[in-house]
Amino acid sequence: MTDPEILRYTRESGDFSRMLESIPYARFIGLACDQFGDDLIFRLPQKEVNLGNPILPAIHGGVIGGFMEMSAAIYLMMSQDTVRMPRIVDFSLDYLRAGLNRETYAECRLTRQGNRVANVMVTAWQKSRSQPIATARAHFLMED
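If you use UniProt numbering, the sequence shown closes out at 144, no skipped numbers anywhere.
1. Is any heavy atom in the ligand NAD found nearer than 8 Å to the beta carbon of Tyr105?
2. Mapping DSSP to helix, strand and coil, what is Arg109?
3. Any idea if Ser130 is buried or exposed, counting beta-carbon neighbours within 10 angstroms, 16 or more meaning buried?
4. Can you pull the DSSP bridge partners for Ile88?
5. Return the bridge partner residues of Gln35 from the DSSP annotation.
6. Going by C-alpha to C-alpha distance, which of Ser13, Asp15, Glu12, Ser22 sits closest to Asp3?
7. Between Asn101 and Ile59, how many whole angstroms is the CB-CB distance? I'm expecting something under 8 Å.
8. From Phe36, Tyr95, Met142, pick the residue whose C-alpha is nearest to that of Gly66; which is it?
9. Grouping DSSP H, G and I as helix and E and B as strand, with all else coil, what is Val117?
10. I need the DSSP call for Ala124, collapsed to helix, strand or coil.
11. Which of helix, strand or coil does DSSP assign to Asn50?
12. Check whether the region 109-117 and the region 18-35 touch, using three or more Cβ-Cβ pairs below 8 Å as the test.
13. If you measure between the beta carbons of Ala73 and Ala138, is that distance less than 9 Å?
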C-alpha cells in the first residue's frame, strides 16, 4: 500500500500526510496522525460521511473499527523495521459507549512482538481518555 520512499519520508519528518493520502481507506475516513516524541495519537475527524446513525448522531461502528485497525497497522509500520503493511490475523473489538459525531482519538500499545506475530492494544476515546468509546486487540502477521 505505501511505498518505501513515503514510509522513509514519514519516519524522518514525522509528517504523516503523504502516507495517509496513499492509503485509500485512511483518506476516505479522514484519518490523521500526530507524533509526540515516540508516541503516536491517531485522529478521526468529525465527518458526516462517517455517521451510521444520523439521529443521535453517532459514528458508524464499522468506521470506528476500521479506524482502530488502520491505526494499529500504521503504528506497527512506524515502530518496526518494515516497509509493508502488516497483515491482520485477528481483530477483537469491544464497543463501550456511543461514538458521537465529534473528533475521535486512538492510541496503540505493542503488547507482544514475536518473530512472526505482533499483538497491539488500541484504545479510542473522544472527550476523555478515561472514558474510552472502544478498545481492541489486534494480531498481525509480520513479514520481511
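We put the CB at the ideal spot given by N, CA and C, even for glycine.
Keep in mind it's a predicted model, so treat the numbers as computed, not measured.
This is what the structure gives:
1. Summarising the ligand content, the structure contains no ligands, and the ligand NAD is consequently not present.
2. Reduced to three states, the DSSP call for Arg109 is strand.
3. Of the other Cβ atoms in all chains shown, fewer than 16 fall within 10 Å of the Cβ of Ser130; this residue is therefore exposed.
4. Looking at the DSSP assignment, Ile88 forms a beta bridge with Phe140.
5. Leu40.
6. Here the closest residue by C-alpha is Ser22.
7. About 7 Å separates the CB atoms of Asn101 and Ile59; that is less than 8 Å, so the two are in contact.
8. Comparing Cα positions, the closest option is Tyr95.
9. Residue state for Val117 is assigned as strand, using DSSP reduced to three classes.
10. Ala124 falls in the strand class under three-state DSSP.
11. Annotated three-state conformation of Asn50 is helix, per DSSP.
12. Of all C-beta pairs linking the region 109-117 to the region 18-35, fewer than three are shorter than 8 Å, placing the two stretches out of contact.
13. Yes, they are a contact pair.
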